[in-house]
Structures are given as C-alpha cells and as structure tokens.
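Undergrad: Numbering (UniProt numbering), first residue to last: 1 to 326.
1. Provide the residue span of the alpha helix (DSSP H) that contains residue 308, from first to last.
2. Take residue 148 as the anchor and find which of 169, 180, 309, 261 has the nearest alpha-carbon.
3. Identify, in the order they occur along the chain, each residue of the same chain with its Cβ nearer than 6 Å to the Cβ of residue 178, setting aside the five sequence neighbours on each side.
4. Between residue 219 and residue 237, is the Cβ-Cβ spacing less than 8 Å?
5. What are the boundary residues of the alpha helix (DSSP H) that residue 208 is part of?
6. Return the residue from the list 233, 234, 268, 240 that minimises the CA-CA distance to residue 250.
7. CA-CA distance, residue 318 and residue 246?
8. Would you mind working out which of 213, 27, 128, 139 sits nearest residue 224, comparing C-alpha positions?
9. Measuring alpha carbon to alpha carbon, tell me which residue in 193, 261, 187 is nearest residue 231.
10. DSSP state of residue 189, grouped into three classes?
11. Could you compute how far the alpha carbon of residue 90 sits from the alpha carbon of residue 119?
12. Quick one: grab the DSSP three-state call for residue 142.
13. How many Å lie between residue 35 and residue 28 at the Cα?
14. Hey, out of 293, 295, 321, whose CA is closest to residue 278's CA?
15. Going straight from the alpha carbon of residue 315 to that of residue 193, what length do you get?
16. Are residue 312 and residue 287 touching if we call contact CB-CB under 8 Å?
17. What is the residue span of the beta strand (DSSP E) that residue 281 lies within?
18. According to the neighbour-count rule (16 or more other Cβ atoms, all chains shown, within 10 Å of its Cβ), is residue 4 buried or exposed?
19. Look at the Cβ atom of residue 243, then the Cβ atom of residue 226, and state whether they are nearer than 8 Å.
20. Is it the case that the Cβ atoms of residue 131 and residue 139 are separated by a distance below 8 Å?
21. Using a 10 Å radius around the Cβ and a threshold of 16 neighbouring Cβ atoms, would you call residue 233 buried or exposed?
22. If I measure Cβ to Cβ from residue 282 and keep anything under 6 Å in the same chain, skipping five residues before and after, which residues do I get?
23. Are the CB atoms of residue 22 and residue 14 within a distance shorter than 8 Å?
24. Does DSSP put residue 165 in a helix, a strand or coil?
25. If contacts are defined as beta-carbon pairs under 8 Å, then residue 254 and residue 297 qualify, I think. What distance do you get, rounded to the angstrom?
26. Does the beta-carbon distance from residue 151 to residue 142 come in below 8 Å?
27. In this structure, how does DSSP classify residue 263 when only helix, strand and coil are distinguished?
28. So what's residue 124 in DSSP terms, helix, strand or just coil?
29. Whose C-beta lies closer than 7 Å to the C-beta of residue 174 among residues of the same chain, with five residues either side of it excluded?
30. Tell me the residue span of the beta strand (DSSP E) that contains residue 153.
Written as structure tokens, this is what we have:
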C-alpha cells in the first residue's frame with residue numbers, strides 16, 4: 001500500500017478542504033498501518049498548536065486562521081517539496097519547527113507588547129518650552145526645566161508623573177481617565193484642559209475647561225472651569241478658589257494680553273518666565289491693574305518699559321534681571 005502522503009493533502013483533509021477522492025485516499029492510508037495513523041495525528045497536533053497561537057495573536061482567531069490558509073494557498077516561487085513519511089522521519093522535530101514558524105510572528109508581537117507595557121517613557125523640557133502629542137492624542141505643553149514620564153503605551157492606562165509645570169489638553173476617554181501624579185497629589189480628568197505647577201513641594205492646579213478631581217491623602221475636591229487649588233505640604237484641607245486670569249499659561253503662548261492684571265501678579269510671572277529678580281518696593285503699586293500685550297520673545301527690558309508706559313509715576317531701577325520697581 002502507499003507509504004508516502006503529501007503534507008498539503010493531509011493539511012487540506014484536516015481543514016476539511018480535501019476532495020472526496022483525497023479523503024478516501026487518506027483514510028485508506030491511515031488504516032494501512034499504525035505508523036501512518038500516528039503520523040497523521042502528529043500533523044494534526046502541529047495545526048492545532050498553530051491555531052492556539054493564532055488565538056493569542058493580535059488578529060482574531062478566524063482572521064489569523066484565514067491568513068494562514070491564504071499564505072498556504074498563495075503561489076510559490078519554487079515547487080513544493082513532498083516530504084515522505086518514512087520511518088526515519090523525526091516528527092517531533094518537524095512539529096517543533098512548524099510551531100516556531102507558524103507562531104514566531106505572534107510570539108514576537110506578544111513579547112513586543114509585553115516590553116511596551118513595561119517601558120518607561122520620559123519627555124523633558126530643558127531651556128525651552130516643549131510641546132508634545134501623547135500616544136492617546138492628548139497634547140502637553142512642558143514649561144522650561146520640567147518633565148513627564150509614563151509607563152507603557154499610554155492608551156489603556158493613562159497615568160503621568162510630572163516634575164515642574166505643564167499644561168495638559170486632554171483627549172476625552174471615559175474608559176481610561178487621564179491621571180497626573182505630582183508631589184503627593186493626584187489629578188484625574190476625563191477630558192479637559194488644565195495647568196499643573198509644582199515648585200518646592202507646593203502644587204497648583206488650574207482648570208481652563210472641563211472638570212478634574214484633585215486628591216491628596218484622604219481629601220478630594222472637584223475643580224470646574226476657571227477654578228484652582230493651591231496645595232502646600234502642611235495643608236490639611238483642599239481649598240477651591242477662583243482663577244482670576246490666564247497668566248498661568250504664559251509659556252504656551254507666543255503673545256499674551258494681560259487684561260487688568262495686578263502688577264504683583266504680573267511681576268511674579270515675569271520673574272518665572274525670565275528667571276529674573278524683580279521686586280516691588282512701592283506697596284501702592286502692587287495692586288495697580290496692568291493691561292498690555294506681552295511678547296515673550298522680547299527682552300525683559302522691553303516688557304518692563306511697556307509696563308512703565310501704563311503708569312507714568314512708576315520708576316524702574318536696575319539692570320539685567322535684578323530690578324526694583326518704585
């Protein structure tokens with residue numbers, strides 16, 4: 001009786017694609033000897049193992065199985081070789097090789113995903129403001145000397161650790177809340193824009209749009225549009241306040257219009273933006289409202305001259321970044 005059988009015909013038989021004549025031929029071949037029946041089962045094990053690998057692949061089971069069949073059915077550049085099923089054939093080696101070939105791509109993808117799931121991504125801004133789009137579509141503006149880090153692909157789990165200051169414009173995804181960890185504070189959002197500033201263990205969160213939840217220890221507050229909370233390490237409670245201006249986002253705009261902003265508040269921002277040391281000695285000027293356009297690429301001296309032009313009685317003494325306002 002026939003001792004050799006084409007691997008392609010055996011595969012077609014197992015997949016239910018063999019013709020009536022081929023099925024009869026294989027059934028006769030299997031009955032012919034125990035060795036043939038054993039070899040048939042070994043081929044079947046190979047295919048079943050590859051099918052299980054397909055179930056763990058990025059493709060669905062049905063789609064992966066169809067891809068396998070398409071690849072098998074595709075025209076080959078060289079004639080297929082028929083491997084005789086002789087008694088000397090080491091089917092365990094063939095099975096192992098076939099499983100590696102069929103499953104190697106899926107295993108590689110799985111290992112890549114596992115590696116991506118544990119990889120730490122760091123984004124740093126040094127001497128310049130940096131703007132980045134995160135993998136989920138959210139946009140982050142990092143102020144100078146600030147940084148963020150996150151683990152994984154940042155899609156199913158959106159958690160960030162922040163140092164310094166950043167403005168987040170968050171892509172809405174209720175299934176995966178956007179969370180920022182800074183100092184001992186956690187900020188959770190479901191689709192909004194907000195600014196977070198950390199300096200000397202103090203934390204400030206200002207919401208520009210939407211809603212965020214701020215949690216520290218056992219305390220939590222919800223911030224709405226134009227609300228803020230400032231947190232010092234010794235604070236026992238979280239106090240929600242109104243945000244009266246949008247100077248907090250100065251670093252993400254090339255031109256900013258100060259609109260009736262108290263001089264003391266504007267000077268605080270200038271000190272940060274220009275790394276300056278400007279002091280107001282005339283207490284009567286601290287709360288005077290200033291309305292001017294500011295171009296952050298201009299030298300500090302130009303900005304101070306523009307401020308002085310709004311208040312003729314103001315005197316500005318000093319050079320460089322060490323300035324006194326009288």
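The C-beta atom is built at its ideal place from N, Cα and C for all residues, glycine as well. This structure is a prediction, so every number in the text was calculated from the model and none was measured.
TA: Straight from the coordinates:
1. 300-310
2. 180
3. 158, 170, 189
4. yes
5. Run containing residue 208: none in the alpha helix (DSSP H); it sits in the beta strand (DSSP E), 202-209.
6. 268
7. 28 Å
8. 213
9. 187
10. strand
11. Residue confidence is low: residue 90 scores 49 on pLDDT, short of 50, so the model does not pin down where it sits. Its coordinate-derived value is still stated next. Looking at the two C-alpha atoms, the distance is approximately 41 Å.
12. strand
13. 13 Å
14. 321
15. 38 Å
16. no
17. That residue, residue 281, is in no beta strand (DSSP E); it is neither H nor E in DSSP.
18. exposed
19. yes
20. yes
21. exposed
22. 326
23. no
24. strand
25. 7 Å
26. no
27. helix
28. strand
29. 190
30. Premise fails: residue 153 is in no beta strand (DSSP E) and is neither H nor E.
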